[in-house]
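Q: 3 is the number of the first residue of the sequence shown in the numbering used here; add one for each residue after it.
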Amino acid sequence: MTADRNRLSGPLADPAADAGYPDAHPPRMGFFTDTSVCIGCKACQVACKEWNLVPAETEELDLLGQSFDNTGALDANNWRHVAFIEQKVTPERPPVDLGMPTVGPPVPETETGDGQVRWLMSSDVCKHCTHAACLDVCPTGSLFRTEFGTVVVQADICNGCGYCVPACPYGVIDIRPGDGRAFKCTLCYDRLGAGREPACAQACPTDSIQFGPLEELRERADRRVAELHERGVDQAQLYGRDPNDGVGGDGAFFLLLDEPEVYGLPPDPVVTTRDLPSMWRHAATAAVGVAVSVALSFLGRGTVERRKP
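(1) Does the beta-carbon distance from T35 to S295 come in below 8 Å?
(2) Looking only at C-alpha atoms, which of F255, Q239 and T148 sits nearest to G22?
(3) Given a threshold of 16 other Cβ atoms within 10 Å of its Cβ, counted over all protein chains shown, does V139 qualify as buried or as exposed?
(4) Would you mind giving the Cβ-Cβ distance between L267 and V235, rounded to the nearest angstrom? I have them listed as a contact below 8 Å.
(5) If you drop the 5 nearest sequence neighbours on each side, which residues of the same chain put their C-beta closer than 8 Å to that of E113?
(6) Curious, which full-length alpha helix (DSSP H) runs of at least 4 residues does the segment 172 to 214 contain?
(7) For A78, tell me which candidate among P57, Q89 and N72 has the shortest Cα-Cα distance.
(8) Please report the straight-line C-alpha distance between F86 and L216, rounded to a whole angstrom.
(9) So what does DSSP say about L76, is it helix, strand or coil?
(10) In chain order, what residues of the same chain lie with their CB nearer than 6 Å to the CB of I159, ignoring the 5 residues before and after it?
(11) Relative to the C-alpha of G162, which candidate in A18, D176, A169 and V153 has its C-alpha closest?
(12) Straight-line CA distance for A312 to F33?
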C-alpha cells in the first residue's frame, strides 16, 4: 500500500524495483556534492564534456559577467555547471576555512569583514529524482529509470516533444538547439555498467563530488554537516537529502553554505506530476457536472414547450 501511495510522490525506498527491476539489481547510486570544498576549477565540466562528447556551447568563450561563470545554467550542452557566487563577508556570512594551503600572508580578520569577499562555488547537475516528472511525461519512453536508480535519456528515440522540459522542477533538462532532442546528465550510465565512477567525480581534485551508494553518501553527508556545525559553520545544510521532500529525495544532493536560492536552486521543489490523479478526478467530476447541467436544461426546455397553450 505504501508503494502505491508513493508512486508519484513521497518516500520510495527502491526506485529501481518500482521501475520493474528484479531484487538482485545493484544499490541505488548517486552524487553527494560538498560545496564547502569546491574550488571552482571546472574539471568536472571538462571531464563531462570530454567523456560524453557534449558539444561546446559556442565557438568562442562567452563570458557572462557573473564572476568566472561562463555557462550560466544547466542545459542540453552543459550537463555540469559550476556556479560562482560572490558575497561580501559579514558576521552572518563569515569566510569558511577549507583547511587548504594559502599563498602569502594571511588576510587580517575584522569584526565586520569590511573589504573581504567570499566565494560560494557549487557544481550543479541533474538531481536524478526519486520521483522524476520528466520520466512521467515522456510519451516515447526515451527517458527511463536504470537499474542503478538513475534517470537517463535515450536520445535515439527522443522525438523532441519537449514535455520533459517544463516538467522538471529544477530546470535541468533541455532541448539542444540545432538538434531538437532532449539531453541531460546520465550519471555516466555507460561507466557505471563497467564498474567505473562517473567522469566528473573521477576528475574532481578536492573530492567535492563524491560518488557511491546513495545510503552511504547520505550517512557521510550527515557526518560532514555535523562536523561543520561543530566548527561554527552554522549555515551548512543539506539540500535534496531528505526522502520526505517534494520529490522523494534526490539521487544527487548537496551540502550548501547558504540558502538554496543563493545557488539558483528552488527552495521547496515538488514533482510536477504529483497532483495529476486528483486533477483528472476533478476534471472528470466537472465534465459530469457540465453534462448533467446540459441534460437538465434540455429537459426543462421541453417541459416548458409542452405547457404552452
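Just so it is clear, CB atoms sit at the ideal spot from N, CA and C, and this is done for glycine as well.
A: Considering the structure as presented:
(1) Going by C-beta atoms, T35 is not nearer than 8 Å to S295.
(2) For G22, the closest C-alpha among the options F255, Q239 and T148 is that of T148.
(3) V139 comes out buried.
(4) The pair is not a contact, with the Cβ atoms about 19 Å apart (cut-off 8 Å).
(5) Its pLDDT being 46, under 50, E113 is placed unreliably by the model, and the measurement read from it follows with that caveat. For E113, where only same-chain residues beyond five positions count, the Cβ hits under 8 Å are P93.
(6) Listed in chain order, they are 191 to 195 and 201 to 205.
(7) The candidate whose alpha carbon is nearest that of A78 is P57.
(8) One C-alpha to the other measures close to 26 Å.
(9) Correct three-state label for L76: coil.
(10) Answer for I159: T142 and S144, listed in chain order.
(11) Cα-wise, what sits closest to G162 is D176.
(12) Since the first residue shown for the chain is 3 and the last is 311, residue 312 is missing from the structure and cannot be characterised.
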